[in-house]
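Undergrad: Submitted below is the structure of interest, expressed as structure tokens.
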Amino acid sequence: KQEVTQIPAALSVPEGENLVLNCSFTDSAIYNLQWFRQDPGKGLTSLLLIQSSQREQTSGRLNASLDKSSGRSTLYIAASQPGDSATYLCADGKDNNAGNMLTFGGGTRLMVKP
Amino acid sequence: DGGITQSPKYLFRKEGQNVTLSCEQNLNHDAMYWYRQDPGQGLRLIYYSQIVNDFQKGDIAEGYSVSREKKESFPLTVTSAQKNPTAFYLCASSIRGGERAFFGQGTRLTVV
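See below:
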């Protein structure tokens, strides 16, 4: 069964730092890899989606990379801001002919201190 | 405004009761999903549906039921058979074939 692991579980950094969040998955036969943001008590907001044929995706200060061979994805946040404080979840998708089934990691809780 | 709407935001259930969580989307997505999130944990799949009148069990379907009578609606019923229903429930949708998933704002269910 596919397992997705996120390390660290929590991270606290001063404002302005560049930081990397890690996501590892056990089965390299993935369809895509998605990164989400979740604010306390809220739903998930999609940040980036990387198809299995791609190596990375960028949106503003966010850059996500995918290395299928090593079973890893990273989310790079440049020049972090207090507003970036949230939980970040990664999920890998597998196409089982019934749609894209997502398996989620446990998340990294990020706090950016002013 | 396109999106997914879940209601209610908070729901309280007495022991032995069935309760139904609503999920509506106007994104014209074929696929819809229900996830459960427990404190400090990732999301686990309860049920999913790819087309109207069809749905499949996810990893933790016991004690839950769903219906998909309309493309835009995918309600989840938490039955009395679910022994530990207190959790945060999230509904999602996507275009069939593995495109980006969009989530609602969630329903927090508490057993009283």
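Sequence lines, in order, name chains A and B.
The opening residue of the first sequence carries number 613 in the numbering used here; numbering runs sequentially from there.
The opening residue of the second sequence carries number 928 in the numbering used here; numbering runs sequentially from there.
Using N, Cα and C, we set each Cβ at its ideal position, and we do this for glycine too.
Quick check: A1008 (chain B) and Y960 (chain B), are their CB atoms within less than 7 Å of each other?
TA: The answer is no: Cβ separation not under 7 Å.
Undergrad: When DSSP labels each residue in this structure, what does G740 (chain A) get in the three-state scheme?
TA: Residue 740 (chain A) lies beyond the stretch modelled for chain A, which goes from 613 to 726, so this question has no answer here.
Undergrad: I689 (chain A): buried (16+ other C-beta within 10 angstroms of its C-beta) or exposed?
TA: I689 (chain A) comes out buried.
Undergrad: Among A:Y700, A:K654 and A:P726, which one has its Cα closest to the Cα of F716 (chain A)?
TA: Among A:Y700, A:K654 and A:P726, the Cα nearest to that of F716 (chain A) is on A:Y700.
Undergrad: Does the separation of the CB atoms of I662 (chain A) and A676 (chain A) fall below 7 Å?
TA: Against a cut-off of 7 Å, the Cβ pair of A676 (chain A) and I662 (chain A) comes out as a contact.
Undergrad: Count the other C-beta atoms from every protein chain shown that fall within 10 angstroms of the C-beta of D704 (chain A), then say buried if there are 16 or more, exposed otherwise.
TA: Counting Cβ neighbours within 10 Å, D704 (chain A) comes out buried, since at least 16 surround it.
Undergrad: Which residue wins for smallest C-alpha separation from N630 (chain A), given the options A:G719, A:T686 and A:G718?
TA: Nearest of A:G719, A:T686 and A:G718 to N630 (chain A), Cα basis: A:T686.
Undergrad: Measure from the alpha carbon of V616 (chain A) to the alpha carbon of each residue in A:V724, A:D679 and A:C702, then state which is nearest.
TA: Comparing Cα positions, the closest option is A:C702.
Undergrad: Looking at the secondary structure, which residues open and close the beta strand (DSSP E) in which R1035 (chain B) lies?
TA: Taken as a continuous stretch (DSSP letters only), the beta strand (DSSP E) holding R1035 (chain B) covers T1034 to V1038.
Undergrad: Applying the criterion that 16 or more other CB atoms from any shown protein chain within 10 Å of the CB defines a buried residue, is R673 (chain A) buried or exposed?
TA: Looking at its Cβ environment, which holds fewer than 16 other Cβ atoms inside 10 Å, R673 (chain A) is exposed.
Undergrad: If I follow the unbroken beta strand (DSSP E) through K725 (chain A), where does it start and stop?
TA: Segment T720 to K725, the beta strand (DSSP E) holding K725 (chain A).
Undergrad: If I follow the unbroken beta strand (DSSP E) through Y937 (chain B), where does it start and stop?
TA: Y937 (chain B) -> beta strand (DSSP E) spans Y937 to R940.
Undergrad: Should M713 (chain A) go down as buried or exposed, given a rule of 16 or more other Cβ atoms within 10 Å for buried?
TA: When all chains shown are included, M713 (chain A) counts as buried.
Undergrad: Do the CB positions of T720 (chain A) and L660 (chain A) come within less than 7 Å of each other?
TA: Taking 7 Å as the Cβ cut-off, T720 (chain A) and L660 (chain A) do not qualify as a contacting pair.
Undergrad: By how many angstroms is the C-alpha of A621 (chain A) removed from the C-alpha of A958 (chain B)?
TA: So the two alpha carbons sit approximately 30 Å from each other.
Undergrad: DSSP on Q614 (chain A), reduced to helix/strand/coil?
TA: Q614 (chain A): coil per DSSP, three-state reduction.
Undergrad: Is Q944 (chain B) close to chain A? Criterion is C-beta to C-beta, closer than 7 Å.
TA: Not closer than 7 Å to any Cβ of chain A, the Cβ of Q944 (chain B) fails to qualify, so no.
Undergrad: Between the C-alpha atoms of N1011 (chain B) and L656 (chain A), what's the straight-line distance to the nearest angstrom?
TA: In a straight line, the C-alpha of N1011 (chain B) is about 23 Å away from that of L656 (chain A).
Undergrad: Residues of chain B with CB closer than 8 Å to the CB of K654 (chain A), please, in chain order.
TA: The answer, in chain order, is Q1032 and G1033.
Undergrad: Along the beta strand (DSSP E) that carries L727 (chain A), what are the first and last residues, could you check?
TA: The structure shown does not extend to residue 727 (chain A), since chain A spans only 613 to 726, so no value can be given for it.
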